[in-house]
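Undergrad: Using this note's numbering, the first residue of the sequence shown is number 2, and each one after it goes up by one. We put the beta carbon where it would ideally sit given N, CA and C, even for glycine. My questions will all concern the structure given below.
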Amino acid sequence: MSRWKLYENWHADLPGLTAEQLRERRDLAAQRAAHAAARGMGRNSKAARDWREKLRAVEDELLKRGTGDA
Numbered sequence: 002m003s004r005w006k007l008y009e010n011w012h013a014d015l016p017g018l019t020a021e022q023l024r025e026r027r028d029l030a031a032q033r034a035a036h037a038a039a040r041g042m043g044r045n046s047k048a049a050r051d052w053r054e055k056l057r058a059v060e061d062e063l064l065k066r067g068t069g070d071a
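Structure follows, in structure tokens:
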């Protein structure tokens, strides 16, 4: 699967992922949100907002499953 497909289907794919895959996506989203909002990295508030939304979606899915990781 291409990287772009991952981003396009982020929310739709969450229910079918394993807990480990969800944790990997959570880490990716947190990292990307931090980079988008960081000084010296060309702050991009829209990108930071989008990545925080993706991060919340993953955390909500983890909570829904009761994994206790979020």
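ARG50: which of TRP11, LYS65 and ALA34 sits nearest, CA to CA?
TA: Locating residue 50 in the sequence shown gives position 49, where the first residue counts as 1. Checked all of TRP11, LYS65 and ALA34; the closest Cα to ARG50 is ALA34.
Undergrad: Pull up the CB-CB distance for LEU15 and ALA58, whole angstroms please, since I reckon it's below 8 Å.
TA: If you number the sequence shown from 1, residue 15 lands on position 14. If you number the sequence shown from 1, residue 58 lands on position 57. Contact holds; Cβ gap of about 6 Å.
Undergrad: Pick out whichever of GLY41, ARG66 and GLU60 has its Cα sitting closest to the Cα of TRP11.
TA: Position 10 of the sequence shown holds residue 11. Measuring from the Cα of TRP11, the nearest candidate turns out to be GLU60.
Undergrad: State the CB to CB distance for the pair LEU1 and ALA38, rounded to an integer number of angstroms; the pair is presumed to be in contact (CB under 8 Å).
TA: The question about residue 1 has no answer, for the chain in this structure spans 2 to 71.
Undergrad: Short of 7 Å in beta carbon distance, which residues of its chain neighbour ALA13, apart from the five on each side in sequence? Order them along the chain.
TA: Start at 1 with the first residue of the sequence shown, and residue 13 comes out as number 12. Excluding sequence neighbours, ALA13 sits near nothing in its chain.
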